[in-house]
Structure formats: structure tokens, C-alpha cells
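Chains as they are written, first to last, in numbering that gives the first Met the number 0: chain A, 0 to 292; chain B, 0 to 246; chain C, 0 to 322.
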Amino acid sequence: MADIGTVVASLVYGVLLGFVFAAIAHGLNLIWGVTKVVNAAHGEFIMLGAYGAYFLNLAWGLDPLTASLIDAALGLGVGVAFYFAFLHRELRGKEQIGLQTELVTLVATFGLGLAIVNVGTLAFRYPVGLRYNPGNVVLGGLSVPLGGVYVGLASLGIIVVSHLFLTRTYLGNAIRAYGQDIVAAKLMGVNPTAVAAIATGIGFAMTMAGGAFLTVYLRAGITPLIGLTYAPISFVIVVLGGPGKMWGSLVGGVTIGVLLDVLQAFVPVEFAYAAAFLFVIPILALRPEGILR
Amino acid sequence: MTARLAANGIVKRFGGVTALDGVSLALDQGTVLGLIGPNGSGKTTLLNVLSGTTRPTSGSVSLDGQRIDRLPAYRVVRAGVAKTHQIPRPFPGMTVRENVTTAATFGAVARGAAELRQDVERVLRLVELERRAGVLASALTVQEKKRLEFGRALATGARFLLLDETFAGLSPDEVRESVDVFRRVQAEVGFGAVVVEHVMRAVLSVANRVLVLEEGRPIAEGAPQDVVRDPAVIEAYLGQEATRAPT
Amino acid sequence: MTDLRTAWFRPAWRKLKALGPTAQALAVALVALAALGPILPVALFVIAILFMIYATWAYSINLITGMTGYVSFGHVVFVGTGGYALGYGVKVWNLAPLAGVALGGLFGALLAVGIGAVTLRLRGAYFAIATLVTPLAAFYIVSGTPALGDGAGLPMNLGFQIGTQYYTIWALLTAEVALTWWATRGRLGLGIHALREDEDAARAVGIHVPRLKLILYVLSGGFAGAAGAVFAWYVSGVFPDTFSLLFSLTMLAMIIIGGMGTVLGPMLGAVIVLIPHLYLLRILPQGEPIAIGVAVILIALFLPGGIVGTIRRYVPEARRYLE
């Protein structure tokens, strides 16, 4: 059994981890909420973000936070390209996204993910890690790794900034309008293609930045396969918070982060992960709209 | 033996909204009940409750004395009550004949293979879709889709049909045609029906009795001609359509 | 001698002909697999076993995803469960491998009942996500359970029993093909088709939709589990890695490429996925999944019916032959 000190520590670590989880899930949430497309290759772009940070660290000694900015810029371009390559054909001109479109985009993106993962395992036979150790900080008797604090706060920052963007700017509101009612948005002068493409770009930017943040927790274990773990975690987070509900990523992310870390104080790590994953099933059964109202 | 569909004190609440507030009705097989009322009066909700698509918050629905309100929709169909959709939902990748055959196969009446085929052809003839039997449902016109929707409900062999705005979205000529088809089929097959409609002309032509809802409550019931002259009804509709309805 | 053989052969062939060209072709292929078994060189024999295992998996996911459109992203959970059932049965209860296969099928089916009861009421992407997490949870559970070998899995020492393996998986595959063929016909076929076209409209005409979905899911879980057990037998061991999502994706790829919901599709998909597996594996282990990934993208965007579906759509005359 664990003592109260360990539990409190787990809570703190869990919240910080949860913020990063929220950041990596937020991109998926945005794209899903706006275009109704579920990106089955989501994990692979987290992975690319992580590798991006690795290379930037290797070549120029950049820390994950700075690297995340570059990753985000890359993500924007990649996202827009991704939209036109994969989604435009299916979404163009449609005013309602039906089950058939959902299926087609799901399958096409999963093919992409499959291809990317395998190109990755071709290129990287061994796990890599990046050099970044800003040390620890002591908060109220608890020694907290600064790296975790920095990326946690940065992740929180991403979510807050995206909230401000979506609610206070013209483009942000246009994106939200498109997500709610394509026809109405068009009638108000919103260009559906531009909005969907930009939303996808922003989503990918956040995803890749999140991947960069994640490297702090991956230490020496960045492999091409991390997408296969973090994509499901992202899906679980989005479902928990409710797809399209922007604060949902935060709620879901923190829930899973805390669940994982606190459970590990009581049960072996494997069962903590199993429980975190299975948690989504009763939620879907009892409250499919998500935890948030 | 005439079957009887009855609803007693139906209340349906969705969160804070009360869609139905104590509606009761009784319908014998062979009778057509028109269900009218302004938008939001709860007509479609009532059909959904009768068909098992939605469960009532309280109250009961029974068929020949047996409660059916707790049953899922597919069991209600098997019991003998079939509902059509406001916007027709045919099986798009199947032909007209396959659509009707599916309904006949799984509907309220168990039939042998030969009898099933005959019944399918009969339904196709009744709704005047025999010439389009081999066409994919997705290729039909709106009017044809509505006929198919009606035909599918017929094919189940249900003794009571619940028709949700069958005559909506049709031109005046099409409405007249569809009304004729409905009256002919109803006379020949003898089902009971609850017909939700906005098109007054249609309701007055097909209904034996009319029930008027406003904000989930019944405000009038009786013969069509009487109901449309009822001041409460006229007021509910703000007067326009009802007073201009032809006889 | 000749008279005896033709005495049953002709009427059987005639009956088969009446069932249609697809049934004929599949029957011929299956009979050939059975008859040629003893004369195949060992290398090919062993490949044939792997092919039949893959085909069985393809047909199993076809039963749920192909037939109903519910994308079972986590289907590999049944494969792994079947493998672990066999592994545990053989190592701990000293069962014969064949009994292990039956156990694998049973556990696969039971797991499907459990998962299906909760998840089949979810639509579209939600179902996909709910099933997605199951193999992950399973991976962690078996990694952390000492009785199931912890992270090291359950290696077995079963000797070289390829003959029994061959005919066991052949029997499973044949049963599945027959089941799939039957599920596209008659009353059941009509109900499944209606369900796939429009689930709510299907309910409105009296089809018992939840029961149909569950039955299909349980059958698919059972067959995937049984084939998973045969696979564990074939490679003499079962490991947590078996619960790999990559493998779920391969199963889906087989039916996407071949044609979802068709009778020929899974067989075709298995052939197309396995052939590169055998050759590219030598040159470039990642070549095969990359090629599959690209193929899936192209097919999803341009040929949504898979090979069989697309041919049926654009060549109406071929509909009689390709089901």
C-alpha cells in the first residue's frame, strides 16, 4: 500500500503528464470536432513531432520547448497538405458528413499511418533519446522534474491559446461555425475548404508540438512505434472529454494522466495502463457525450 | 376480430422540455386518425412513442390490451405497428423489390416463400411501383421514395400504420395522386392508421377522425370537418390554413 | 473404380454448379488445398498453413466489419486471446494442441460476447475506438500476469505437427467460407444487407438488429481466436506482442483490399497481403506493410469497394461471377 505522500506526488506528476496528454489529444479533438474526420494516423504525427524534437536537439542542441515551435510550424504545413491529399476529395461540397465518409477517411488515414510507421521502423532500428535535463525543483517538500513542469505549462498554454483563438478571432469563429453547421457557415461567407484546411493544419501543429513535449517523458525511448500507444491514449482522452468540446482535451488528459500515475502507486504499472485504457468503455456505455456537459 | 391500438396518458419529457403532456387515444383497425397541430406540438414524438422508437416518461401504449410501450422498435413492428419516416429512408443499395421483400420477410406476419413473393408483388402493385421494382432505391424520385416507404410499412403486414408526413414536400397534383393511392390501399387492405400531416387537404381527405395537439396536449378531437372549425384549433394555427381548407 | 468415383461426383458437381460460380471457385480451391496437401513440398506446405491462417482471420473480420460496417480496430484481441488460451491449456493443463484450438475459439467467442454487449450499441468511430483499446489493455494485462508468462509470453515445445495443423486450419477456413457464403443468402443475407445499408431503417422493418450484430461479432471472435490458437501452435509460442495493433490493421487491410462484405474478397485479400509478405520479408521486412498501407490509402480513396466491390460496380456482367 502507498502512503499519502506518494499519492500526492503521483497526483502532481499525473496532472503535469495529463497536461501533455491534453496537448497531444487537442489536435485530434479539433480536427474531429470541426471536420468530423477521425485521423487514424494521429499517433504517427505525434511520433514525427517527437523525432523532430530529437533531430533539432541532435543538430542544434535545441530543447523540446523551442523545438516544439518549429514542429508546430512544420505541422501547420503538413496538416494543410494532409487535408488536400486525403480529406478534400471526400469533404468537398458536402454539407453533412455521413457514415460512409467517416469510414473512408478513417480507412485512408489508417493506411497512411501504417505506411509511416513502417517507413519509420525501416529508418530507426533502435530507440533514441534526446539530451535535456534542466534538473528538479522542490515544491512543498516534493521534488518535481523541471522538464515536466516546463512542458506541462507549455501544454496548458497551447490549450488556452487555442481557446482564445477559437473564440476571439474571426478565423477561429469561422472554424467553430463550420464545425457546427456547414451550410450556415457558408451562408455567412465562410469558405469551407479554407477553414477545414486551416483547422487541420492547426490540429497537426498542436499534435506535433505535443510530440515534442512528450520527449521529456520518453527519455531514451523514442521509437517509431510510440504512435501505437499514444494514438489510443489520445482517442480515449477525446472521447472522455467529448469530441469537439475544446476543454474536453484538458479534462480527459488530466483524468488519464492522474489515473495512470495514481494507480501506479497501488498496482503494477501494466495494470495501471490496462485500466486507463479500459476506462473509456464504461464511459462510452454510460455517458457517450463525454464527462463534460 | 378488429384490433385496437390504444395510448393512455402519454407523457414524454426530454430533459427540461415536456414534449407530450397527457395524450390518450384509441384506434380500431380500419380507422384512420389524423394527427395535426402546429410545429412543436409533439406529433412526431407521439408517433415515436407509439412505434417504440422512444419510451414514454409515463403512460402506456397497448395493442389489443397487451402493453407494447417498453418494447424496442423491431418488436413493435413484429407485434403489428409499423412507422414510416418523415424523410424516407429506403435501403439505398437495394432495389425497390428487395426493399419490400425485406420488410415482408421480417415484419409482423410469418409467411412461406411462395406466399411472401406474392405479397411482395401485391404491395408493389398497390403502391404503383411495379414498373420500378428492379430500380435501386437511391435512384427513385421523392414521390416514389415516399411510396416505397409506405409500401415497406404495408409489406410488414402491420395492422396499424403510423405515417409521418407522407404527403409533405409534394406538389398539389402529387398530393392528390398520393391521397388516392392511400385511400384505395387502405380500403383494400383495411389497416388502421395514425396520419401526421401538415397538408390539411390530405388530412381531411383520408381521416375518419382528427386529433389536434398543441404543446403536447390534446385540444380537440372529432370529425375532420368539425375539428377544423373549432375556434381553439383555429387559434392554435393562427387561423390561416384551417379556415381555407376545402371539403 | 471409376464408376464408384463418378457416382457421387456428378450430382455433387451439379449441385455446386447451381450455387453459382463463386461457390464453385471457392469449393474447388478448398478441395484442392485439402487434396494437394500430402504432395506439397514441405516449404510450400508450411506457407500454405500460414496462408490459411491469414485467410481465416480475413474471413473473421469480414463477418463483422465487412458485413455490418462496424470497424473492429481491435480485432487482434481475439487472435491473442486464442493464442494465450492454447498456450495456457497446453502448458498448464497439458492439453493436446487440438483441444487448445477449441479452447482458443471458445475464449475468443466469450470475449466477443463481453466486448460486443457493451460496444455494439456505439456507432461509427466510437465503436472503432472502444474496440481499439481492448488489445492494448490485453497486452498490458498479459504482460503483468505471472501465470501468463509476464512479459516473456508462453513458449511451447510441441514438435513438428504440421500435418494436423494444416487440416485443422483447413477445416476452420472451410467452415468460415461456408458460413460467409450462407450469410449472404436467404433471410439472413437480406437482414445483414439491410443492417449494413441503414441500421435504423432495418429496425423499422422488424429486423432484430442488436442480436444480429452480436451473433456476427461472436462468430468473428470465435474464428479469429481459433485461428489465433493455430498460429500459436504454428510458431510454438504466444507472446504479448501478438496483441499488436499493427496486426489488427493488417487484418482490416486484407478485406479493404479484397472487398468488404463479399465472399471472395477476404480470400483475395489474404493472397495479396501474404505474397509480398513472403518475398519482401527476405529483402525488406518493412516493405510489405508499407506497400499494404499505400494500397489501403489508394483503395479507400479511389476504389472503396475493394477489388471485388469495384469490379462488381463497374462491370455489371461480372456480378454473377464475383460475390
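Even for Gly, the Cβ is constructed at its ideal location relative to N, Cα and C.
CB contact below 8 Å: residue i versus chain C
i, result
"residue 117 of chain A", "yes"
"residue 100 of chain B", "yes"
"residue 269 of chain A", "yes"
"residue 106 of chain A", "yes"
"residue 107 of chain B", "yes"
"residue 234 of chain A", "yes"
"residue 144 of chain B", "no"
"residue 144 of chain A", "no"
"residue 133 of chain B", "no"
"residue 109 of chain A", "yes"
"residue 4 of chain B", "no"
"residue 276 of chain A", "yes"
Classification of residue i by the beta-carbon crowding that lies within 10 angstroms, buried from 16 upward
i, result
"residue 88 of chain A", "exposed"
"residue 225 of chain B", "exposed"
"residue 303 of chain C", "buried"
"residue 35 of chain A", "buried"
"residue 288 of chain A", "exposed"
"residue 261 of chain A", "buried"
"residue 269 of chain C", "buried"
"residue 28 of chain A", "buried"
"residue 106 of chain A", "buried"
"residue 112 of chain C", "exposed"
"residue 246 of chain B", "Low local confidence applies: a pLDDT of 49 at residue 246 of chain B is under 50, so the model's placement there is unreliable, and no value is given."
Of the residues the options, the one placed nearest residue i, counting alpha carbons only
i, options, result
"residue 274 of chain C", "C:110, C:253, C:174 and C:212", "C:253"
"residue 13 of chain B", "B:57, B:36, B:2 and B:24", "B:57"
"residue 130 of chain A", "A:108, A:93, A:204 and A:49", "A:49"
"residue 193 of chain B", "B:19, B:9, B:2 and B:30", "B:30"
"residue 257 of chain A", "A:3, A:8, A:4 and A:2", "A:8"
"residue 44 of chain B", "B:84, B:132, B:76 and B:231", "B:84"
"residue 355 of chain A", "A:37, A:46 and A:29", "Residue 355 of chain A is absent from the structure shown; chain A starts at 0 and stops at 292."
"residue 18 of chain B", "B:88, B:38, B:232 and B:66", "B:38"
"residue 183 of chain B", "B:10, B:150 and B:125", "B:125"
"residue 143 of chain A", "A:291, A:290, A:200 and A:16", "A:16"
"residue 97 of chain B", "C:186, C:174 and C:115", "C:186"
"residue 73 of chain B", "C:198, C:264, C:225 and C:265", "C:198"
"residue 161 of chain B", "B:152, B:200, B:230 and B:82", "B:82"
Min CB distance residue i to chain A below 8 Å
i, result
"residue 289 of chain C", "yes"
"residue 142 of chain C", "yes"
"residue 293 of chain C", "yes"
Contacting residues, own chain, Cβ-Cβ under 8 Å from residue i (five flanking each side not counted)
i, result
"residue 183 of chain A", "176"
"residue 195 of chain C", "66, 67, 68 and 260"
"residue 45 of chain C", "161"
Residue i in three-state terms, based on DSSP
i, result
"residue 130 of chain A", "coil"
"residue 7 of chain B", "strand"
"residue 13 of chain B", "strand"
"residue 35 of chain A", "coil"
"residue 146 of chain B", "helix"
"residue 159 of chain B", "strand"
"residue 290 of chain A", "coil"
"residue 35 of chain B", "strand"
"residue 213 of chain B", "strand"
"residue 65 of chain B", "strand"
CB contact check: residue i to chain B, cutoff 8 Å
i, result
"residue 197 of chain C", "yes"
"residue 214 of chain C", "no"
"residue 323 of chain C", "It is not possible to answer for residue 323 of chain C, since the shown part of chain C is limited to 0 through 322."
"residue 304 of chain C", "no"
"residue 0 of chain C", "In this predicted model, residue 0 of chain C has a pLDDT of only 49, less than 50, meaning its place in the structure is not dependable; the value taken from the coordinates is given anyway. So no, residue 0 of chain C is outside the interface."
Other residues of its chain near residue i: CB distance less than 7 Å, five sequence neighbours each side excluded
i, result
"residue 91 of chain C", "none"
"residue 35 of chain B", "196, 202, 209 and 211"
"residue 283 of chain A", "238"
"residue 62 of chain B", "2, 4, 78, 79 and 80"
"residue 83 of chain A", "196"
Sequence-distant residues of its chain with Cβ nearer than 6 Å to residue i (five each side left out)
i, result
"residue 123 of chain A", "223"
"residue 28 of chain B", "1, 2, 158 and 191"
"residue 201 of chain C", "193, 194 and 208"
Residue i beta carbon near the ligand ADP (any heavy atom closer than 7 Å)
i, result
"residue 308 of chain C", "The ligand ADP is not among the ligands present in this structure, which contains no ligands whatsoever."
Contacts of residue i in chain D (Cβ-Cβ under 7 Å)
i, result
"residue 73 of chain B", "Reference to chain D is not applicable here, since the protein chains of this structure are A, B and C."
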